[in-house]
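Okay, structure first, notes after.
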């Protein structure tokens, strides 16, 4: 078979031509779930957007979290 890579032939033989997940196995800098819930709760309660919410969380809870993290 010309024009087909060995890797493609092997994957076809093994029955696995589907693309593999590109999701990382480990995300060491991921924001904790409880912190995410707090941010969402305070955002809904106060109506603040990311910039104001960042300074609000710093003053109320002493949590230093960047605006970009909240925005994402």
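In the UniProt record's numbering, the protein residues as written are 1 to 72. Note that beta-carbon positions come from the ideal geometry of N, C-alpha and C, so glycine has one too. Bear in mind that the values here come from a model prediction, so they are computed numbers and not experimental data.
Separation of residue j from residue i, as counted between CA atoms
{"i": "residue 66", "j": "residue 16", "result": "42 angstroms"}
{"i": "residue 10", "j": "residue 21", "result": "18 angstroms"}
{"i": "residue 68", "j": "residue 25", "result": "23 angstroms"}
{"i": "residue 39", "j": "residue 19", "result": "35 angstroms"}
{"i": "residue 27", "j": "residue 14", "result": "30 angstroms"}
{"i": "residue 57", "j": "residue 64", "result": "7 angstroms"}
{"i": "residue 12", "j": "residue 4", "result": "11 angstroms"}
{"i": "residue 55", "j": "residue 32", "result": "19 angstroms"}
{"i": "residue 61", "j": "residue 8", "result": "54 angstroms"}
{"i": "residue 45", "j": "residue 34", "result": "16 angstroms"}
{"i": "residue 2", "j": "residue 23", "result": "32 angstroms"}
For residue j and residue i, believed in contact at Cβ under 8 angstroms, the rounded distance
{"i": "residue 71", "j": "residue 50", "result": "4 angstroms"}
{"i": "residue 53", "j": "residue 42", "result": "6 angstroms"}
Range covered by the alpha helix (DSSP H) that runs through residue i
{"i": "residue 54", "result": "50-61"}
{"i": "residue 67", "result": "67-71"}
Ignoring anything shorter than 4 residues, give me the alpha helix (DSSP H) runs that lie fully in the UniProt region "Disordered" (1-38), in order along the chain. Complete alpha helix (DSSP H) runs here, min 4: 6-13.
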